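Worksheet: the structure to be examined is printed underneath.
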Amino acid sequence: MLNQETDSYVLHVNAKDDLPWAAAELIRFAADQKIWLFEGDMAAGKTTFIKAICEVKGVTDAVSSPTYSLVNEYETDTGERLYHFDFYRINSEEEAMEMGALDYLDSGNLCLIEWPSRIKSLLPETYLLVNLEVGAGEARTITLKH
Numbered sequence: 035m036l037n038q039e040t041d042s043y044v045l046h047v048n049a050k051d052d053l054p055w056a057a058a059e060l061i062r063f064a065a066d067q068k069i070w071l072f073e074g075d076m077a078a079g080k081t082t083f084i085k086a087i088c089e090v091k092g093v094t095d096a097v098s099s100p101t102y103s104l105v106n107e108y109e110t111d112t113g114e115r116l117y118h119f120d121f122y123r124i125n126s127e128e129e130a131m132e133m134g135a136l137d138y139l140d141s142g143n144l145c146l147i148e149w150p151s152r153i154k155s156l157l158p159e160t161y162l163l164v165n166l167e168v169g170a171g172e173a174r175t176i177t178l179k180h
């Protein structure tokens with residue numbers, strides 16, 4: 035449901051099979067926004083949803099969690115480059131800067147960021163916030179907000 039007053043969009047997903055639809059809706063809602071922040075509890079499905087987004091965008095590589103590498107780079111079938119970050123294990127914003135986080139964020143390419151609260155002061159002023167809330171079974175409520 036789109037809420038024009040808050041510029042947010044709530045998606046209700048009942049099963050993993052609904053994720054490609056939700057991913058397509060997110061892509062449409064995001065418009066030209068290149069920084070997407072994924073928030074949610076541990077095991078809320080952030081990486082699983084990002085896999086669906088990558089699939090819908092035409093990524094041909096295997097998509098996996100960058101928990102230990104911090105960032106994975108993917109390319110779509112049209113040559114678009116995407117960066118997938120997982121900052122859960124990062125110790126400091128300085129560590130993120132040392133691995134080149136600002137260069138990625140300023141690249142103009144799509145950046146999909148899990149655990150963005152770990153690098154809060156490095157984030158740009160504008161971004162798309164994607165919040166995942168766990169429901170019963172595979173159900174998720176996904177709230178998108180500019």
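The sequence shown runs 35 to 180 under the numbering used here.
Don't be surprised by glycine CBs; every beta carbon is placed ideally from N, CA and C.
These numbers come from a predicted model, not from an experiment.
Between L144 and E73, the CB-CB gap reaches or exceeds 9 angstroms. Three or more beta-carbon pairs separated by less than 8 angstroms link the region 54–74 to the region 150–164, which places the two stretches in contact. Assigned with DSSP and collapsed to three states, I84 falls in helix. L45 places its beta carbon less than 9 angstroms from that of T175. In this structure, the alpha-carbon of T110 lies about 9 angstroms from that of E89.
For K179, the three-state secondary structure derived from DSSP is strand.
Going by DSSP, E127 is part of no beta strand (DSSP E) but of the alpha helix (DSSP H) stretching over E127 to E132. The straight-line gap separating the alpha-carbon atoms of T160 and G92 is approximately 25 angstroms. Scanning its chain for C-beta atoms nearer than 7 angstroms, with the 5 sequence neighbours on each side dropped, one finds around S42 the residues T177, L178 and K179, in chain order.
If you draw a straight line from the Cα of G113 to the Cα of L136, it comes to about 22 angstroms.
At a Cβ-Cβ threshold of 9 angstroms, A96 and A57 do not count as neighbours. The residue from P100, F119 and T94 with its alpha-carbon nearest to that of L139 is F119. I124 is bridged by DSSP to nothing; it lacks a bridge partner.
Contact between I153 and F121 holds: their C-beta atoms lie close to 6 angstroms from each other, under 8 angstroms. The residues N106, in chain order, have a CB closer than 7 angstroms to that of S98 in the same chain once the five nearest residues on each side in sequence are set aside.
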